[in-house]
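Inspection log for the structure reproduced underneath, given as structure tokens.
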Amino acid sequence: MQNIKLNYPVESAGETINNLTMRRSKVKDRLVVAKMKSASDEEKEIRLFANLCEIEPKIIEELDESDYANLQKAYMDFFGKEGISERP
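Heads up: the sequence shown is residues 63 to 150, going by the working numbering.
So, in structure tokens, the structure goes:
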């Protein structure tokens, strides 16, 4: 799990969201977004991040760009040294 502190909190349903918690991705998370045939890559990424943070996509859409960049970094950090390996 990664905790991402928002520099620019967002409001949702009368609640201020100051941070998001992202879990590690599973293959089933990829399958959900792969089925979104007519969606753009950006929309697919937003849906993936919403699933991993267990929030509505509209909350991700309201994030400041710098907070969204931190979300992208947190996602990529899951792949670190253990994830993506080089092929011989």
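For each residue, glycine too, the CB sits at the ideal point set by N, CA and C.
(request) Would you grab the beta carbon distance between Gln-64 and Asp-139 for me? Rounded to a whole angstrom, and I think it's under 8 Å. (result) Here the question's residue 64 lines up with position 2 in the sequence shown. Here the question's residue 139 lines up with position 77 in the sequence shown. At roughly 7 Å, the Cβ-Cβ gap stays under 8 Å, so Gln-64 and Asp-139 are in contact.
(request) Measure the CB-CB distance between Ile-66 and Asn-132 and report whether it falls below 8 Å. (result) Counting from one through the sequence shown, the residue named residue 66 turns up at place 4. Counting from one through the sequence shown, the residue named residue 132 turns up at place 70. Contact flag set, yes.
(request) List the residues that DSSP assigns as beta-bridge partners of Glu-107. (result) Position 45 of the sequence shown, counted from the start, is the residue given in the question as residue 107. According to DSSP, which records beta bridges pairwise, Glu-107 is partnered with nothing at all.
(request) With DSSP collapsed to three states, give me the class of Pro-150. (result) Here the question's residue 150 lines up with position 88 in the sequence shown. Per-residue confidence for Pro-150 stands at a pLDDT of 47, beneath the threshold of 50, marking its modelled position as unreliable; the derived number appears in the next sentence. It is coil, neither helix nor strand.
(request) Can you tell me the Cβ-Cβ gap for Met-84 and Ala-136, rounded? I've got them flagged as a contact below 8 Å. (result) Taking the sequence shown and counting its residues from 1, one reaches residue 84 at position 22. Taking the sequence shown and counting its residues from 1, one reaches residue 136 at position 74. Between Ala-136 and Met-84 the Cβ distance is about 5 Å, and since that is below 8 Å, they are a contact.
(request) Please name the residue, chosen from Ile-117, Lys-88 and Glu-123, that lies closest to Glu-105 on a Cα-to-Cα basis. (result) Within the sequence shown, numbered from 1, the residue matching residue 105 stands at position 43. Selected option, being the one with the closest Cα: Glu-123.
(message) Please report the distance separating the alpha-carbon of Arg-86 from that of Arg-92.
(response) Residue 86 sits at position 24 when you count from the first residue of the sequence shown. Residue 92 sits at position 30 when you count from the first residue of the sequence shown. Computed Cα separation, rounded: 12 Å.
(request) Pull up the distance between the alpha-carbon of Pro-150 and that of Pro-71, whole angstroms please. (result) One-based indexing of the sequence shown puts residue 150 at position 88. One-based indexing of the sequence shown puts residue 71 at position 9. Unreliable placement is indicated for Pro-150, whose pLDDT of 47 sits below 50; no coordinate value is reported for it.
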